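Sequence positions in the sequence shown follow mature numbering (1 follows the signal peptide of the UniProt record, and there is no 0) and run -17 to -1, 1 to 128.
To keep things clear, I will list the structure first and then write my remarks on it.
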Amino acid sequence: MRKTKLALTALAVTTGAAILLTGCSTVEDALHKEKRSTYENLTAFDDDSGIDATWLPEDASGIEIIRSTQADDAAIALESSADLSSELCAPVERQSAPAYQPGPEVDVFKISDAFACGDWTVVETGYGWLGWSPAHPDEKAQSPS
């Protein structure tokens, strides 16, 4: 009986240590089936994210991403004072909404104007831009990229 208690205690300690060493975010990612990442600027995003989001402005900073670990759904919030490229994005009526809410909360249901940027739908926010993918097929069809 004493050996069983000792073995269970050792297992509990080992499991707890493993969770602490791998980080709470890893556990959270697995439980919520999403992955959160932040990037200081566009260079860091391009170097490390593995996400194709060519619509991000050159001055993008404070980039926060939430993406599904099981599907292609993703949302990106970023700070920027730049306009989106007309070569990559076209104004459209918003027909979709993000599956995730990175950055400061934005009620996209109160926003009717959006931009179609390839696979992404993007809306202007008070701090920069919020984009999500996949875009609604009708939005994507209007994108120049």
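Heads up, the beta-carbon is just placed ideally off N, CA and C, and yes, glycines get one too.
Being a predicted model, the structure only gives us computed values, none of them experimental.
Task: Residues near T21 in its chain [Cβ-Cβ closer than 8 Å; skip 5 each side] - done: One-based indexing of the sequence shown puts residue 21 at position 38. So the qualifying residues of the chain are G45, I46, E47 and I48.
Task: Other residues of its chain near S128: CB distance less than 6 Å, five sequence neighbours each side excluded - done: In the sequence shown, the residue the question calls residue 128 occupies position 145. If we look at S128 and ignore the five residues flanking it on each side, its Cβ neighbours are L71 and G101.
Task: Distance, W115 Cα to E41 Cα - done: The residue you call residue 41 lines up with position 58 of the sequence shown. The residue you call residue 115 lines up with position 132 of the sequence shown. Each residue's Cα considered, the two are about 18 Å apart.
TODO: Excluding the 5 residues preceding and the 5 following T9 in the sequence, name in chain order all residues of the same chain whose CB lies nearer than 6 Å to its CB.
DONE: On the sequence shown, residue 9 is found 26 positions in, with the first residue counted as 1. At T9 the pLDDT is 49, less than 50, meaning the model places this residue with poor confidence; the figure from the coordinates comes in the next sentence. Here the set comprises nothing.
- [ ] Closer than 8 Å by C-beta to S95: which residues in its own chain qualify, once you throw out the five before and the five after it? Chain order, please.
- [x] By 1-based counting over the sequence shown, the position of residue 95 is 112. Excluding sequence neighbours, S95 sits near E76 and R77.
Task: Pairwise C-alpha distance: A73 and D35 - done: The sequence position of residue 35 within the sequence shown is 52, counting from 1. The sequence position of residue 73 within the sequence shown is 90, counting from 1. Looking at the two C-alpha atoms, the distance is approximately 18 Å.
TODO: Indicate whether A60 and V89 have their beta-carbon atoms separated by less than 9 Å.
DONE: Looking up residue 60 in the sequence shown gives position 77. Looking up residue 89 in the sequence shown gives position 106. In this structure, V89 lies closer than 9 Å to A60 by Cβ.
Task: C-alpha distance - Q84 paired with D55, whole-angstrom precision - done: Numbered from 1 along the sequence shown, position 101 holds the residue referred to as residue 84. Numbered from 1 along the sequence shown, position 72 holds the residue referred to as residue 55. Each residue's alpha carbon lies about 15 Å from the other.
Open item on the list: Please give me, in chain order, every unbroken run of the alpha helix (DSSP H) with length at least 4 that falls completely inside the region 13 to 87.
Closed with: 25 to 31
Open item on the list: Classify residue 139: buried if its beta carbon has 16 or more other beta carbons within 10 angstroms, exposed otherwise.
Closed with: Past the boundaries of the shown model lies residue 139; the chain is included only from -17 to 128, so the question cannot be answered.
Open item on the list: Considering just the uninterrupted stretch of the beta strand (DSSP E) at D121, what are its terminal residues?
Closed with: Position 138 of the sequence shown, counted from the first residue, corresponds to residue 121. It is not in any beta strand (DSSP E) - D121 instead sits in the alpha helix (DSSP H) that spans P120 to A124.
Task: Segment limits, beta strand (DSSP E) that includes T108 - done: As a first step, residue 108 must be located in the sequence shown, where it is residue number 125. Neither: T108 is in no beta strand (DSSP E) and is coded neither H nor E.
Open item on the list: Relative to the C-alpha of N24, which candidate in S63, A97, A58 and K93 has its C-alpha closest?
Closed with: Here residue 24 refers to the residue found at position 41 of the sequence shown. For N24, the nearest C-alpha among the options comes from S63.
TODO: Classify P81 as buried or exposed, calling it buried when 16 or more other Cβ atoms lie within 10 Å of its own Cβ.
DONE: The sequence position of residue 81 within the sequence shown is 98, counting from 1. Buried.
TODO: Would you kindly report the start and end of the unbroken beta strand (DSSP E) that includes F92?
DONE: For the purposes of this step, residue 92 is taken as the residue at position 109 of the sequence shown. Note, F92: premise wrong, no beta strand (DSSP E); not H, not E.
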